[in-house]
Amino acid sequence: MFSNLTNKLQTIFKNLKGQGVISESNIKEGLREIQLALLEADVNYRIVKDFIDDVAQEALGQKVAKSITPSQKLVKIVHDKLIELLGKENSPLKYSSNPPDVIMLIGLQGSGKTTTSSKLAKFLHDKGQNILLAGTDTQRPAAREQLQFLGKNLGIPVITEGKTPLDIAINAVKKANAISADTLIIDTQGRLHINEELMDELANIKKAVSPCEILLVADAMTGQDAVNIAKSFNERLGITGVILTKLDTDTRGGAAISIRKITGVPIKFAAAGEKTEDLEIFYPERMASRILGMGDILTLVEKAESEVRKDDTEKLVKKLKAETLDLEDFLSQLRQMKKIGPLSKMLDYLPVEPSLKNMDISEERYKRIEAIILSMTPEERTNPRIIDGSRRKRIAEGSGTDVQDINQLLKQFYSVRKFIKEMVNKGTRMKRKGFSSPLIPP
Ligand SMILES: Nc1nc2c(ncn2[C@@H]2O[C@H](COP(=O)(O)OP(=O)(O)OP(=O)(O)O)[C@@H](O)[C@H]2O)c(=O)[nH]1
Ligand SMILES: [Mg+2]
Numbered sequence: 012m013f014s015n016l017t018n019k020l021q022t023i024f025k026n027l028k029g030q031g032v033i034s035e036s037n038i039k040e041g042l043r044e045i046q047l048a049l050l051e052a053d054v055n056y057r058i059v060k061d062f063i064d065d066v067a068q069e070a071l072g073q074k075v076a077k078s079i080t081p082s083q084k085l086v087k088i089v090h091d092k093l094i095e096l097l098g099k100e101n102s103p104l105k106y107s108s109n110p111p112d113v114i115m116l117i118g119l120q121g122s123g124k125t126t127t128s129s130k131l132a133k134f135l136h137d138k139g140q141n142i143l144l145a146g147t148d149t150q151r152p153a154a155r156e157q158l159q160f161l162g163k164n165l166g167i168p169v170i171t172e173g174k175t176p177l178d179i180a181i182n183a184v185k186k187a188n189a190i191s192a193d194t195l196i197i198d199t200q201g202r203l204h205i206n207e208e209l210m211d212e213l214a215n216i217k218k219a220v221s222p223c224e225i226l227l228v229a230d231a232m233t234g235q236d237a238v239n240i241a242k243s244f245n246e247r248l249g250i251t252g253v254i255l256t257k258l259d260t261d262t263r264g265g266a267a268i269s270i271r272k273i274t275g276v277p278i279k280f281a282a283a284g285e286k287t288e289d290l291e292i293f294y295p296e297r298m299a300s301r302i303l304g305m306g307d308i309l310t311l312v313e314k315a316e317s318e319v320r321k322d323d324t325e326k327l328v329k330k331l332k333a334e335t336l337d338l339e340d341f342l343s344q345l346r347q348m349k350k351i352g353p354l355s356k357m358l359d360y361l362p363v364e365p366s367l368k369n370m371d372i373s374e375e376r377y378k379r380i381e382a383i384i385l386s387m388t389p390e391e392r393t394n395p396r397i398i399d400g401s402r403r404k405r406i407a408e409g410s411g412t413d414v415q416d417i418n419q420l421l422k423q424f425y426s427v428r429k430f431i432k433e434m435v436n437k438g439t440r441m442k443r444k445g446f447s448s449p450l451i452p453p
């Protein structure tokens with residue numbers, strides 16, 4: 012996600028760091044490069060211009076010029092401005108005083124409406140809500156079956172009865188009332204391009220079902236176009252929120268960065284994958300951190316917490332603070348990470364060097380790590396420092412690997428331990444200062 016933009020920005024900041032004292036001219040040079048990087052990422056040019064003007068104004072102010080760590084200050088300003096651009100805070104779903112709440116999902120063909128309908132259904136179902144899904148796509152063959160299939164897998168009822176999309180929507184509201192659903196999610200049909208017929212149809216459904224949310228599903232891969240599409244939908248139907256999809260693909264990021272500002276409509280969720288669990292609440296601050304390559308520990312922790320028992324996490328944090336993390340913990344962390352999702356995906360959330368993100372942590376490699384740790388004695392696992400040359404040889408033989416593999420694993424273990432320890436300490440420090448994220452640079 013945004014890997015090109017992130018790499019570019021990191022290089023810019025790194026170069027700036029090497030300059031020692033910051034002057035007006037090198038800040039200007041940095042800003043020019045940031046401007047280019049944003050334009051290349053397909054961010055709307057007007058937004059880029061305003062953004063750079065804003066950052067420049069603050070960065071060139073006296074306070075910053077006299078700062079001891081100017082490059083960090085610049086990162087902080089860019090981070091803050093990016094958060095502002097993305098919408099400041101998360102904007103939660105609205106509820107009506109009179110359930111069922113109706114949520115309509117609209118968007119162009121293939122943007123991910125049907126998939127996202129089922130993701131949102133799971134998201135709300137997991138929160139204990141009683142959900143009804145409605146498939147109103149009468150145009151594309153098998154569209155309704157697609158939603159039915161997804162609903163069945165989730166154990167969530169799906170209604171598709173009716174001749175026209177409007178009929179189905181009206182039937183759905185009746186059914187939702189009859190089964191006392193908390194929320195009705197209506198999946199609508201898409202078109203390749205915006206046209207009057209589609210707009211009329213959606214407007215009629217809107218009138219009939221009085222949705223409390225009309226969410227535009229926008230494919231982040233469509234770049235600038237996604238912004239224009241959002242604008243048209245908004246002018247015609249009055250959308251209340253955006254769900255960005257396909258953030259797992261190699262999108263340039265421009266749409267994600269521009270859409271909020273241009274439409275004035277908040278991004279409520281982000282989807283980064285095809286599976287039903289691949290939906291996240293959109294937090295501007297976390298997205299800004301990700302774009303700047305500062306990782307997104309909070310999302311990671313949230314993801315982990317929903318999968319891993321809380322007391323396990325607490326135990327781990329305690330161990331980390333006491334600096335007693337050992338290879339047993341390392342292995343159990345790897346096992347838990349496996350439960351949460353592919354490791355390569357997890358790395359997206361971590362502020363690691365871009366080169367590390369391409370690290371191959373295949374199933375095979377995981378198995379090898381497991382075999383190595385299991386070939387160690389309990390003493391070696393709790394106190395890895397005692398693993399000398401002859402022990403390494405024995406472990407390699409026992410696990411069917413090479414001494415080199417053992418060396419590599421230990422090196423990795425120490426750097427992970429150091430990294431996590433730093434993150435935990437930083438997190439605690441920031442919390443004390445009243446910051447909400449451990450990642451805001453000082
Ligand atoms: N990689 C990735 N693929 C996605 C994501 N969301 C949806 N897709 C894929 O995009 C394709 C289209 O998704 P649908 O949900 O069918 O899109 P739609 O908007 O309902 O399409 P129509 O009903 O034809 O207008 C499918 O192959 C999905 O698996 C996502 O977040 N990431
Ligand atoms: Mg569909």
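For the sequence shown, the numbering used here begins at 12 and goes up steadily by one.
C-beta atoms are modelled at their ideal positions from N, C-alpha and C, and glycine is treated no differently.
What you are looking at is a predicted structure, and each value in this text was computed from that prediction instead of being measured.
Proximity test, Thr125 beta-carbon vs ligand 1 heavy atom, cut-off 6 angstroms
Yes - ligand 1 has a heavy atom lying nearer than 6 angstroms to the Cβ of Thr125.
Give the DSSP bridge partners of Ile240, in chain order.
Under DSSP, Ile240 takes part in no beta bridge, so it has no partner.
Among Asp340, Arg297, Ala231 and Ser401, nearest to Asp91 - alpha-carbon criterion
Measuring from the Cα of Asp91, the nearest candidate turns out to be Arg297.
Suppose you measure from the CA of Asn394 to the CA of Asn55; what does that come to, to the nearest Å?
Whole-angstrom Cα-Cα distance: 54 angstroms.
Proximal residues to Ile273 (C-beta, below 8 angstroms), its chain only, five neighbours per side dropped
Around Ile273: Asn55, Ile58, Val238, Ala241 and Lys242.
Alpha carbons only, please: which of Thr126, Phe62 and Ile225 is nearest the one belonging to Glu285?
The shortest Cα separation from Glu285 among Thr126, Phe62 and Ile225 belongs to Thr126.
Given the structure, does Glu285 come close to ligand 1, in the sense that its CB is under 6 angstroms from one of the ligand's heavy atoms?
Yes, Cβ of Glu285 sits closer than 6 angstroms to a heavy atom of ligand 1.
Buried or exposed by the 16-neighbour rule on C-beta atoms within 10 Å, applied to Ala299
Buried.
Which of helix, strand or coil does DSSP assign to Glu224?
If DSSP states are grouped into helix, strand and coil, Glu224 belongs with the strands.
Under three-state DSSP, which class holds Ile88?
Taken through DSSP and simplified to helix, strand or coil, Ile88 comes out as helix.
Going straight from the alpha carbon of Glu224 to that of Ile88, what length do you get?
The straight-line gap from Cα to Cα measures roughly 33 angstroms.
Identity of the residue in Ala183, Gln68 and Leu203 nearest Ile196 by Cα:
A check of alpha carbon separations from Ile196 across Ala183, Gln68 and Leu203 identifies Ala183 as the nearest.
For Ala454, verify whether its CB is less than 6 angstroms away from any heavy atom of ligand 2.
Since the first residue shown for the chain is 12 and the last is 453, residue 454 is missing from the structure and cannot be characterised.
Any idea if Phe293 is buried or exposed, counting beta-carbon neighbours within 10 angstroms, 16 or more meaning buried?
Buried, because 16 or more other Cβ atoms sit within 10 Å of the Cβ of Phe293.
CB of Val276 within 7 angstroms of CB of Ile254, strictly
In this structure, Ile254 does not lie closer than 7 angstroms to Val276 by Cβ.
Reference Ile114; option with closest CA among Leu143, Ile268 and Arg403:
Of the listed residues, the one whose Cα sits closest to Ile114 is Leu143.
Proximity test, Asp7 beta-carbon vs ligand 2 heavy atom, cut-off 6 angstroms
What the structure shows of the chain is the stretch from 12 to 453, and residue 7 is not part of that stretch, so it cannot be assessed.
Which same chain residues end up closer than 8 angstroms to Ala231 when comparing Cβ atoms and leaving out the 5 residues on each side of it in sequence?
The beta carbon of Ala231 sits closer than 8 angstroms to the beta carbons of Ala237, Leu255, Thr256, Lys257, Leu258, Thr260, Thr262, Gly264, Ala266 and Ala267 from its chain, once the five residues preceding and following it are set aside; these are given in chain order.
If you run the structure through DSSP and keep just helix, strand and coil, what is Leu255?
Secondary structure at Leu255: strand, using DSSP grouped into helix, strand and coil.
Best match in Glu51, Gln150, Gly162 and Arg43 for proximity to Phe134 [C-alpha to C-alpha]:
Measuring from the Cα of Phe134, the nearest candidate turns out to be Gly162.
Compute the Euclidean distance between the alpha carbons of Leu367 and Ile23, then round it to the nearest angstrom.
Since pLDDT at Leu367 reaches only 48, below the 50 mark, its modelled position is unreliable, and no value is offered.
Where Ile45 and Leu342 are concerned, what is the direct C-alpha to C-alpha distance, given to the nearest angstrom?
A direct Cα-to-Cα measurement between Ile45 and Leu342 gives close to 40 angstroms.
Using three-state DSSP, classify Ala281 as helix, strand or coil.
DSSP places Ala281 in the strand class (E or B) of the three-state scheme.
Should Asp178 be listed as close to ligand 2, given that the test is whether its C-beta is under 6 angstroms from any heavy atom?
For Asp178, the shortest separation between its Cβ and any heavy atom of ligand 2 does not lie below 6 angstroms.
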